[in-house]
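2 protein chains.
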Amino acid sequence: MDALSDDAGGKRARGLDRAFEILDFLRQKRQALKPNEIAAQIGAPRSSVYELVNLLLRNGILEFTGGEGRVYLGRKLYFLGAAYENHFDFTRECEAVLERLADETRETAQFCMLDGNKYTVVRMREGARPFRISTDVGQSVPIPWTASGRLLVAHMSNEDILTFIPPQDFCLPSGEWLDPQAFLAEVRQAERDGLFTFNSIVDSFTHCFAVPVTDEEGHVAATLCLVAPRDDGLANRERYLDCLKDAARGLSHAPARPKRS
Amino acid sequence: MDALSDDAGGKRARGLDRAFEILDFLRQKRQALKPNEIAAQIGAPRSSVYELVNLLLRNGILEFTGGEGRVYLGRKLYFLGAAYENHFDFTRECEAVLERLADETRETAQFCMLDGNKYTVVRMREGARPFRISTDVGQSVPIPWTASGRLLVAHMSNEDILTFIPPQDFCLPSGEWLDPQAFLAEVRQAERDGLFTFNSIVDSFTHCFAVPVTDEEGHVAATLCLVAPRDDGLANRERYLDCLKDAARGLSHAPARPKRS
DNA sequence: CGCTAAAGTCCAATATACCGTACATATGAT
DNA sequence: ATCATATGTACGGTATATTGGACTTTAGCG
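First to last, the protein sequences are chains A and B.
Going by UniProt numbering, 10 is the number at position 10 of the first sequence; the sequence numbering is gapless.
Going by UniProt numbering, 83 is the number at position 83 of the second sequence; the sequence numbering is gapless.
See the structure below:
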């Protein structure tokens, strides 16, 4: 059976995969790069990268910007993303819900989803206290680092979870390793409770609350989170959770109740 | 010069191009489609489309949705688009400008750009009179149909313009044909004036005003437009144009500055 | 000036991606 | 039952996309 993951062995890569690898890399870097730099940093043949970059430029998927031949994500991606957003029209409700959450709690409220096998903050509303949030909107973060992560993988089997999450993602920013079995236990606990809260492991001063947002099939499609100073979070725990659950109820698509036809 | 359009002869198409053709097609259709339908409607080999669709699904570029094996644009495209939007941070200013425009004029205000060789409304603010606007946000429209179109191609030579715009796009929705030479004359006039206005040719009751928004290199990167009832537009012509120019000045100065992470 | 490294272009070899075609399955009409 | 249409899968041939490497060009630097 082949290693279906990615660049294993010295096999030829498919253009499409390479192309999206380039796009993801640019997104992660969040800046324009020269084709040469891209090739070097993702470990792809330079000639291939040059050819692909030119193809993507002609399609408007990439654009020249930043001078010196640097390229970054292009306008066409914006249009495609806008079409997605328009189709799965979560944004409008989402903004309203986040605003209400932030107003009610004065804390930072986030709407989070999986991006492949990473966690990402899709939309965020800063709270009243402007303290430094460790993760920016759009950044990819290892799933085990986050409270939401426990909920976002809860629909999978333990085995699937461990093959889904890259092993190195269990290495916390502090350098310590999180025991995968402990993580799985937390996932199951979160699934039962319909929520997960903990003292953040990416910083030392916040407490995180996460509740699931389900799609029409009942799967966890996203999460709503609050990030609060620790003592504040502990003091208001029940109220914050109530606010979150209310908000999530508003966003979750009602699971199809069997009604008589 | 290569035939930059698409499937000309009976040559093999490149996977990447086919892939983005699929994505664009889905965007245009604005609904989930079965791979089979996609293949039939874009005139591509079914086996190729199935293979590409599966690849794109694996990458999160497409998603199953709508049941029956239908696919539509995927979450990853949303993330990539959001990264673009974040990098070229025009959205925030844009919304404010459109809001002010709509307030000042009570008409519908639009922010428009090129999407490949088509015109598209990127953001829109409805005016006080809610009359039916013919083009929705995100729809691709032939360049010659629009006032903005005159400005958006003004940086190109006449020759380039005629190879850039598909010939059939000079066929107006009424069925009449617009003389390309007449169009070019209007382009040059618009370039000189720094504006273009006309009675819409996609409907019979609106007057359109367009002014350019330039990037830091001075190229026309976008346009701001007003769509007004005809008599209303004629009556307020000078005032509306002043409002538009003011607004465009506000956007043109700081359009595309990459912001710090 | 050479010398080095980075950045981009060109080209042929070959692994393989694209595509035609056949096959499988379901549904519906006749 | 037979035919027709829509949908998805499987497979092999060949056109070609990917790739390593050679080759330019540009830039920095002692």
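A virtual CB, placed ideally from N, CA and C, is assigned to each residue, including glycine.
Short-range partners of chain B found in the stretch 80-95 of chain A, where Cβ spacing is below 7 Å: Leu80, Gly81, Ala82, Ala83, Tyr84, Glu85, Asn86 and His87
Residue nearest to leucine 151 of chain A in terms of C-alpha spacing, selected from A:Leu73, A:Cys94, A:Thr105 and A:Leu114: A:Leu114
Chain A contact for leucine 151 of chain B (CB, 7 Å cutoff): no
Distance CB(leucine 162 of chain B)-CB(phenylalanine 170 of chain B) smaller than 7 Å: no
DSSP state of arginine 110 of chain A mapped onto helix, strand, coil: Sequence inspection shows glutamine at residue 110 of chain A; the arginine mentioned does not correspond to that position. Three-state DSSP puts glutamine 110 of chain A in a strand.
Run of the beta strand (DSSP E) containing serine 140 of chain B, from where it starts to where it stops: 140-142
Phenylalanine 90 of chain A versus proline 180 of chain B: straight-line alpha-carbon distance, rounded: 42 Å
Histidine 219 of chain B - containing alpha helix (DSSP H), residue span: First-last for histidine 219 of chain B: undefined, no H or E at that position.
Pair within 7 Å by beta-carbon distance, histidine 155 of chain A and valine 211 of chain A: no
Arginine 249 of chain A, DSSP secondary structure in three states: helix
Sub-7 Å separation of tyrosine 119 of chain A and valine 141 of chain A beta-carbons: yes
Outcome for leucine 244 of chain B when other beta-carbon atoms lying within 10 angstroms are tallied against a minimum of 16: buried
Under 7 Å by beta carbon: chain B residues contacting alanine 19 of chain A: Leu16
Beta-carbon proximity of alanine 128 of chain B to arginine 92 of chain B, cut-off 7 Å: no
Any C-beta of chain A under 7 Å from that of leucine 73 of chain B: yes
Cross-strand partners of alanine 228 of chain A (DSSP beta bridge): A:His207
Unbroken alpha helix (DSSP H) run spanning leucine 73 of chain A, endpoints: Counting along the chain, leucine 73 of chain A falls outside any alpha helix (DSSP H), though it belongs to the beta strand (DSSP E) covering 71-73.
Check whether valine 49 of chain A and alanine 39 of chain A have beta carbons under 7 Å apart: yes
Cβ-Cβ distance between leucine 16 of chain B and leucine 55 of chain A below 7 Å: yes
Contacting residues, own chain, Cβ-Cβ under 8 Å from proline 45 of chain A (five flanking each side not counted): Ala39
Three-state class that DSSP yields for arginine 125 of chain A in the structure shown: strand
First through last residue of the alpha helix (DSSP H) which encompasses leucine 16 of chain B: 15-29
Proline 173 of chain B to alanine 185 of chain B span [Cα, whole Å]: 21 Å
For glycine 149 of chain B and isoleucine 201 of chain B, the rounded distance between their alpha carbons: 12 Å
Cβ-based burial, asparagine 36 of chain B [other Cβ within 10 Å; buried from 16]: exposed
Chain-ordered chain A contacts of glycine 138 of chain B [CB-CB under 8 Å]: Phe79, Ala82, Ala83 and Asn86
Arginine 27 of chain B: contacting residues in chain A (beta-carbon distance under 8 Å): Phe79, Leu80 and Ala83
Inter-residue spacing [alpha-carbon to alpha-carbon] between glycine 60 of chain B and arginine 14 of chain B: 20 Å
Alpha-carbon to alpha-carbon, aspartate 231 of chain B and valine 137 of chain A: 46 Å
Span separating the alpha-carbon of phenylalanine 205 of chain A from that of valine 121 of chain B: 45 Å
For leucine 101 of chain B and alanine 247 of chain B, the rounded distance between their alpha carbons: 7 Å
Whole-angstrom C-beta distance between arginine 75 of chain A and glutamate 63 of chain A, which should lie under 8 Å: 7 Å
Run of the beta strand (DSSP E) containing arginine 199 of chain A, from where it starts to where it stops: In the sequence as displayed, the identity of residue 199 of chain A is asparagine instead of arginine. Segment 196-199, the beta strand (DSSP E) holding asparagine 199 of chain A.
Supposed close pair methionine 124 of chain A, glutamine 110 of chain A - CB separation, criterion 8 Å: 5 Å
Any C-beta of chain B under 7 Å from that of asparagine 59 of chain A: yes
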